[in-house]
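Working notes, beginning with the structure itself.
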Amino acid sequence: MAANEVITNRVREALMHLPDVQEKTMFNGLCFMVEDKMCICVNEDEILCRIGAKKISEVIETDGCRQMIHNGKPMKDYVFVSNTLIETPTDLNFWVQLCLAFNKEAKSSKKKK
């Protein structure tokens, strides 16, 4: 599954003011790394947001929002958000800001040697 180019460009624009943003192909889409930490990933019909377990518990009941499951195990900091929930700039900004807020406390993954 490829990344949705329209959503990708909107996310790119939302993050362009930050000094340390990289793009990497991961999770069947294009992920935006902020300060070497996965922040938000764009797929074809949804985005993957790293917002932390506390925020997930606050938003998980929203239609179009689901927790990431990897190998049968819920990933505590990650939630998939349907593109229907990010149609307006305000809607997308809500999720981007959640990702950026958690990014400050998130740990960077270990570098492969």
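Numbering (this note's numbering), first residue to last: 226 to 338.
Just so it is clear, CB atoms sit at the ideal spot from N, CA and C, and this is done for glycine as well.
A straight-line Cα-Cα distance of about 25 Å links L310 and K298.
Counting other Cβ atoms within 10 Å of its Cβ, I272 reaches 16 or more and is therefore classed as buried. Between L325 and V259 the beta-carbon gap is near 7 Å, inside 8 Å, which marks them as a contact. Residues of the same chain with a CB within less than 7 Å of the CB of A227, apart from the 5 flanking positions on each side, are E269 in chain order. In the same chain as F252, and ignoring 5 residues on each side of it, the C-beta atoms closer than 6 Å to its own belong to C266, L273, in chain order.
When DSSP states are grouped into helix, strand and coil, I272 belongs to the strand group.
Taking the C-beta atoms as reference points, I276 is found no nearer than 8 Å to F319. Contact between L240 and V231 does not hold, since their C-beta atoms are separated by about 15 Å, which reaches or exceeds 8 Å.
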